[in-house]
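In what follows, a structure is listed as structure tokens, so that the remarks can point back to it.
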Amino acid sequence: MTKQLPTVFEHVSDWAKETPTPFYVYDEEGIRATVRALFAAFSWNPGYGERYAVKACPTPGILRVLAEEGCGADCASASELYLAAHSGMAGRMIFTSNETTDEEYRAAIAAGAAINLDDFTQIAHLKRAAGPGAFPKEVCLRYNPGASSLLDANTQAIMGDARGAKFGMTKSQLLAGYRTLALLGVERFGLHAMPGSNSLNEGYYPALAAELFALVKEIKAETGVTIHFVDFGGGVGIPYRPEDRPVDIAAVGEGVRRAYEEAFAGTDLAPAILTELGRFVTGPHGYLVTKVIGEKHTYKDYVGVDATACDLMRPAMYGAYHHITVIGKEAVPAAGKVDVVGSLCENNDKFAVDRELPAVEEGDLLVIHDAGAHGRSMGYNYNGKPRCGEYLAHADGTLTQIRRRETLADLFATLDVDGEFSGPKGE
């Protein structure tokens, strides 16, 4: 089975003539269409907001597109807060971190972000960081449900079992937390949970909603605290494999609506719904373009490319599947099974293992699909590899550079601490 590239990729061979491989390309129209479908699915909730998970693709050129479509940001560090605020998302940010420093709490307060606390003990840390009389007025608490029927194989592969996850607090800690926050003068309260990741089950969000909406009512009954917003986190997946069926986000929104009405009909509770769908929003619309630079035939057959796990580490880290298209050979039958590998001195530097591909030769372009979330953002510099650049593809086939590729000078810039080593010049 194959996956189709967007029509804008009819220009990829021309792009590669002007742009050294490897490089990332993001389909602007695809991103915008996905965001609009998401907002339509939850339009029944007047307070709905998408807080895009900045960690998925922390590039201002992408964040600005999302801001234009009405998205805010889910941030996990001071640098992500800065990126989001300077990309047009100020006033629509939530800060979700764990083991957080006082400096980062102060950055979140200064940015006006809602603060999502991962643990009961962090209330005291936030109070210390804020200083006397400056405790934030909007605070959210993150819940870990422990054992849950919501967890599927994809979640287990990425996050592990909820009881072993480092995120969130137990129900008893949660209730104690809201009582403490109320005494500290908090005026707006949130409830957050993200037990799943990359779920293709359209019942995942509705089931999570039912669980959290019941908890909203319990919190009110036990503590007197009214929850103003419920944040489902991310968790909605994308079809990495050709045989996977895309999630129908309209059906997901309708399922959450039914759970909402069932839970809150006849009550004075009407929390806003927030989501943090980094993978769902940009994942399917980012592509890594790389070039074949060699082949090897030993006990297995290998195709070598100029990208490495430094550019896309999900296959090396999780054994994750990413579909690969050989440009110009989309209709050519497979010639056999190969491992598609990079040049790192690590045996897990593989984009595909035993993948059926048509015969390739040096100079062929490969496009690695579904790399628009946790792709370039998880890159690193092992073996001193500079990371590749990023481009936004417009509907007319033109590209805008939104991040230049790294140079050797960039890599050595932090090493000249004693004036004796400034690295290579002119690279």
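Residue numbering for the sequence shown follows my numbering, beginning at 316 and increasing consecutively.
We treat Cβ as the ideally placed atom computed from N, Cα and C, and that holds for glycine.
Quantities reported herein were computed from a predicted structural model and do not represent experimental measurements.
Since residue i is in the alpha helix (DSSP H), which residue starts that stretch and which ends it?
i: ASP342; result: First-last for ASP342: 338-342, but that is the beta strand (DSSP E), not the alpha helix (DSSP H).
i: ALA444; result: 437-445
i: VAL571; result: 564-579
i: MET632; result: 629-633
i: ALA524; result: 519-538
i: ASP417; result: 417-426
i: ARG494; result: 486-498
i: ARG594; result: 593-597
i: GLY678; result: Careful: GLY678 lies outside any alpha helix (DSSP H) and carries neither H nor E.
i: GLU383; result: 375-383
i: LEU726; result: 723-727
i: LEU396; result: 393-399
Measuring CA to CA, which of the options is closest to residue i?
i: PHE595; options: ALA422, VAL327, ASP563, ASP583; result: ASP563
i: ASP711; options: THR322, THR317, MET316, LYS318; result: THR322
i: ALA508; options: LEU496, PHE544, ALA491; result: PHE544
i: LEU659; options: MET628, ALA650, GLY643, ASP685; result: MET628
i: VAL682; options: ILE639, THR590, ILE534; result: ILE639
i: ASP329; options: ARG718, LEU714, PRO447, LEU730; result: LEU714
i: THR538; options: LEU490, LYS452, ALA631, LYS644; result: LEU490
i: VAL618; options: GLY651, TYR339, GLY593, GLY601; result: GLY651
i: PHE354; options: LEU381, THR415, TYR341, TYR339; result: LEU381
i: GLY345; options: SER358, GLY690, LEU320; result: LEU320
i: TYR420; options: GLU558, SER392, ARG407, MET316; result: SER392
i: THR590; options: ALA536, GLY461, VAL350; result: VAL350
i: ASP685; options: CYS703, PHE666, GLU671, PRO447; result: PHE666
i: THR495; options: ARG560, LEU527, GLY552, PHE435; result: PHE435
i: GLY385; options: GLY643, GLY609, SER394, ALA348; result: ALA348
i: ALA289; options: PHE528, GLU610, HIS612; result: There is simply no residue 289 to check, as the chain begins at 316 and stops at 742 in what is shown.
i: GLY461; options: PRO447, LYS486, GLY448; result: LYS486
i: ILE553; options: HIS689, PRO361, GLU365; result: HIS689
Just to confirm, are residue i and residue j a CB contact at a threshold of 8 Å?
i: GLU677; j: VAL604; result: no
i: PHE547; j: LEU584; result: no
i: LEU378; j: SER402; result: yes
i: TYR367; j: ALA587; result: no
i: CYS372; j: GLY687; result: yes
i: MET484; j: ASN459; result: yes
i: VAL454; j: VAL531; result: no
i: LEU726; j: ASN696; result: yes
i: VAL656; j: ASP669; result: no
i: ASP626; j: PRO375; result: no
i: ILE430; j: ALA439; result: no
i: PHE410; j: ALA428; result: yes
i: TYR636; j: TYR555; result: yes
i: VAL641; j: PRO599; result: no
i: TYR602; j: VAL540; result: no
i: LYS452; j: ARG503; result: yes
i: GLY593; j: LYS370; result: yes
i: ASP417; j: ALA444; result: yes
i: ALA426; j: MET408; result: yes
Return the chain-ordered list of same chain residues with a C-beta closer than 6 Å to the C-beta of residue i, the five sequence neighbours on each side being excluded.
i: HIS709; result: GLU343
i: ALA331; result: LEU680
i: ASP616; result: VAL653
i: PHE324; result: none
i: VAL571; result: TYR520, PRO521, ALA524
i: MET404; result: ALA382, GLY387, ALA388
i: ILE704; result: Here residue 704 turns out to be Gly, not Ile, going by the sequence shown. Same-chain partners within the cutoff: PHE338, ARG718, ARG719, ARG720.
Just to confirm my understanding: we take residue i, look at its own chain, exclude 5 residues before and 5 after, and list those with CB closer than 8 Å. What are they?
i: ALA525; result: ALA574, GLU577, ALA578
i: PRO335; result: ARG720
i: THR470; result: Interpretation of THR470 is limited by its pLDDT of 46, a score under 50 that renders its predicted location unreliable; no figure is taken from the coordinates.
i: GLU517; result: VAL562, ASP563, ALA566, VAL567, GLY570
i: GLU661; result: ALA624, ALA631, TYR697
i: TYR706; result: TRP330, THR334, PHE338, TYR339, VAL340, TYR341, LEU714, THR715, GLN716, ILE717
If I follow the unbroken beta strand (DSSP E) through residue i, where does it start and stop?
i: ALA708; result: 704-708
i: ILE588; result: 587-590
i: ASP654; result: 651-656
i: VAL618; result: 616-620
i: THR623; result: It is not in any beta strand (DSSP E) - THR623 carries neither H nor E in the DSSP assignment.
i: ALA368; result: 364-368
i: THR582; result: Per DSSP, THR582 belongs to no beta strand (DSSP E) and is neither H nor E.
i: GLY505; result: 503-507
i: ALA429; result: 429-432
So residue i and residue j are in contact, right, with Cβ under 8 Å, and what is the actual spacing, rounded?
i: LEU396; j: LEU432; result: The pair is not a contact, with the Cβ atoms about 16 Å apart (cut-off 8 Å).
i: THR597; j: TYR341; result: 7 Å
i: LEU506; j: ILE542; result: 5 Å
i: PRO648; j: MET316; result: Between MET316 and PRO648 the Cβ distance is about 13 Å, and since that is not below 8 Å, they are no contact.
Skipping 5 residues on each side, what residues in its chain have a beta carbon closer than 7 Å to that of residue i?
i: ALA472; result: In this prediction, ALA472 scores a pLDDT of 44, lower than 50, which makes its location untrustworthy; the coordinate-derived value is nonetheless stated afterwards. Only TYR633 meet the Cβ criterion.
i: ARG701; result: As written in the sequence, residue 701 is Pro, which differs from the Arg given in the question. Closer than 7 Å at Cβ, skipping near neighbours: ARG720, GLU721, THR722, LEU723, ASP725, LEU726.
i: VAL327; result: VAL604, ILE642, LEU680, VAL682
Between residue i and chain D, is there a C-beta pair that is closer than 8 Å?
i: GLY511; result: Reference to chain D is not applicable here, since this structure consists of a single protein chain.
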